[in-house]
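This report refers to the structure that appears directly beneath it.
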Amino acid sequence: MVLDELLSFRIHFWPSHFPIEARYYEYRATGPSLILMSRRISTPEELRDFQQEVIRREQRKEWSFLAYYEPFDQEKSLNPCVARETIYRFWSRAKEYSYMSAYQVRRVHIGKSEQLDELAHECGRLYSQTVISFWRTVRHKGIWLKPKHLMRWHTSKKLHAHTADACVQAFFAAMNSWRERRKDDPDAKPPHKRKRYFRIEYKRSAMSLVDGRLRLSNGKGNTPLVLPWPWELPNTVVIHWTGTEYEAIATYEQLPVHGPFLPGKVAGIDLGEVHIAAAHDGAETHILNGRLLRSKVQYRNKLQATLNSRIDKRMKKGSKGRKRVIRSKKKQLKKIEYQIRDIEHKQTSTLITTLHQAGVQTLVIGDVRDIRQGLDVGSKTNQKLHQWAHGSIRFKLTYKAQRLGMEVVLQEETHTSKTCLKCGHRRKSSPRGRVFRCTNKQCRFVWHRDGVGATNIRYKYRGDFGVPHVVGVMAPPTGLRFAPHTRVARVEREAALLQ
């Protein structure tokens with residue numbers, strides 16, 4: 144993508160000047176599944192017409208809006224007649240675009256100390272002053288102050304200047320979140336509570352890395368915070384309290400992988416609720432067993448229902464017993480959430496490692512983002528579909544594949560689980576159970592249902608979907624079970640042990 148200045152991700156954005164450049168994705172039936180397009184907009188009338196056209200095209204699933212940019216440079220313009228490139232389709236939505244930005248997060252437990260307590264308390268004092276001053280000005284003067292006003296108003300001699308600014312900016316970030324939420328929830332409340340302790344945020348200007356130690360400045364004349372750091376210098380570091388100790392969250396920016404990609408195999412991946420993912424690379428089929436993940440989700444639902452019933456029906460509001468059970472509920476649900484996250488990470492790492500060792504360079508993932516829309520299949524199945532974390536699985540597969548230099552593409556997957564690999568016949572209904580059985584009396588092909596879906600996704604990307612491919616009997620898929628002791632971050636852990 145051309146690195147121009149970004150104006151907005153919103154479709155109904157109205158600029159202060161013209162011309163601007165609008166970029167969007169166009170879905171194609173042949174060739175690359177998604178093409179990045181651009182259009183020059185010189186007048187307000189053209190912008191209004193373009194916005195209406197985007198709404199119509201997105202409803203028909205022909206376009207997907209990306210963003211507005213400036214300045215428009217004819218030599219840089221992404222003219223579809225000059226340049227075409229395949230884009231990851233999940234980048235087409237503004238919310239997922241920000242979610243998929245190429246940032247790596249590293250979490251480090253740093254224990255507890257008096258210095259950290261003092262810094263967190265000072266950040267809490269600064270945040271509380273911001274809350275009080277902002278709402279007091281609104282109440283008495285009717286003026287809604289901006290971040291620049293309060294960043295000049297409230298400073299601290301115990302913190303770095305940019306750390307103090309981050310405390311003020313955190314309040315305004317919460318204000319923006321409230322404004323977005325109240326569109327759907329009129330009862331949503333803005334940030335108004337004071338904080339005795341608050342997170343400590345360090346920006347790049349307050350960091351230095353010397354001899355494996357990260358030095359975080361707290362302003363002139365103050366003792367810096369020094370952490371053992373066997374990694375490279377991060378962009379930001381946020382220190383927060385986890386309930387038992389302090390944790391440092393470091394972010395590293397990584398450029399997204401757009402190519403050129405090395406030639407290699409193409410693997411189709413079919414995401415599922417029973418089995419996490421099924422992959423076919425043209426020679427072998429691998430299936431991630433998702434039974435353990437489903438059992439964790441089912442146990443979480445049962446536990447939450449039991450505790451909610453106990454809290455709402457048997458306990459008096461405001462009582463110590465009720466508060467104790469609520470704390471226990473949060474602790475148990477948090478533990479299960481960590482277990483679910485651990486399973487997803489280790490299973491996706493196993494699949495990506497297996498495919499990379501097999502020489503796969505392109506991952507084609509089935510697009511199931513709209514599977515819940517307009518679908519009512521009963522209360523139990525509806526709950527399974529709405530709790531199916533396909534977005535989290537897709538995200539983990541994507542960034543792990545990109546780290547190994549693999550290309551990732553989303554592919555529309557209509558009828559991929561109904562079409563026979565041997566004769567090309569399409570079933571009228573989806574297969575029952577985990578076995579695909581062709582309804583063509585002259586074929587009667589039988590194979591694993593998720594393997595059929597993954598193979599057809601691969602064929603659909605190549606442009607030969609529905610064409611008979613199988614001549615004899617296909618080998619059964621290889622199951623990849625959950626390995627509880629898989630070392631996901633082996634290199635980082637070994638580097639930490641050497642310090």
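Residue numbers (our numbering): 144 to 642. Note that CB positions come from ideal geometry on N, CA and C, so glycine has one too. A quick note: this is a predicted structure, and the numbers were derived from the prediction, not measured.
- Within the model, the alpha-carbon separation for L494 versus F625 is close to 11 Å.
- Here A391 carries a strand assignment [DSSP, helix/strand/coil].
- In this structure, the straight-line span from the alpha carbon of E169 to that of I454 is close to 51 Å.
- Contact between I508 and R546 is absent: CB atoms are separated by about 16 Å, not below the 8 Å threshold.
- Nearest Cα to A304 within the set H292, H335, R322, A349: A349.
- Rounded to whole angstroms, the gap between the alpha carbons of F193 and L518 is 31 Å.
- Beta-bridge annotation (DSSP): M350 is paired with L359.
- Taking the Cα positions, V369 is about 13 Å away from I382.
- Taking C-beta atoms under 8 Å as the contact rule, A410 and D593 fail to qualify, at a distance of about 14 Å.
- Two segments are said to touch when three or more pairs of C-beta atoms, one from each, lie closer than 8 Å; by this definition the region 373–382 does not touch the region 323–338.
- When DSSP states are grouped into helix, strand and coil, Y345 belongs to the strand group.
- Scanning R337, G425, I178, R191 for the CA closest to the CA of W206 turns up I178.
- For Q530, the three-state secondary structure derived from DSSP is coil.
- Per the C-alpha coordinates, the member of K489, C581, I600 positioned closest to L553 is I600.
- Bridge partners of E169 according to DSSP: I178, W206.
- Closest option to D424, judged by alpha-carbon separation, among R166, K204, A597: A597.
- Restricting attention to Y442, T306, M318, the CA atom closest to the CA of R347 is found in T306.
- Annotated three-state conformation of R339 is coil, per DSSP.
- Comparing alpha carbon positions, the residue from R279, L540, W531, L262 closest to S360 is L262.
- DSSP places Q312 in the uninterrupted alpha helix (DSSP H) bounded by 304–324.
- For L370, the uninterrupted beta strand (DSSP E) segment begins and ends at 368–371.
- Where V409 is concerned, the enclosing beta strand (DSSP E) starts and stops at 408–414.
- Within the same chain, and ignoring the five residues on either side of V468 in sequence, the residues whose Cβ sits closer than 8 Å to its Cβ are L450, R453, I454, M458.
- Between the region 560–573 and the region 383–395, the count of Cβ pairs shorter than 8 Å is below three; the stretches do not touch.
- Taking the Cα positions, P373 is about 50 Å away from H558.
- L553 carries a strand assignment under DSSP once its states are collapsed to helix, strand and coil.
- The DSSP assignment places complete alpha helix (DSSP H) segments of no fewer than 4 residues inside the region 414–493 at 434–457, in order along the chain.
- Per DSSP, reduced to three states, the secondary structure at G509 is strand.
- Contact annotation: F208 and G267 have beta-carbon atoms that are not nearer than 8 Å.
- Residue nearest to H429 within the set Y442, L414, V440, R443 is L414 (criterion: CA-CA distance).
- When DSSP states are grouped into helix, strand and coil, H383 belongs to the strand group.
- By the 16-neighbour rule on beta-carbons within 10 angstroms, V440 is buried.
- Counted as a single uninterrupted DSSP element, the beta strand (DSSP E) harbouring W590 occupies residues 589–591.
- Closest in C-alpha terms to L506, from the list R434, A448, Y604, comes Y604.
- Contact check for K408 and A544: beta-carbon distance about 13 Å, past the 8 Å limit, so the pair fails to qualify.
- In the structure shown, G567 adopts coil according to DSSP, grouped into three states.
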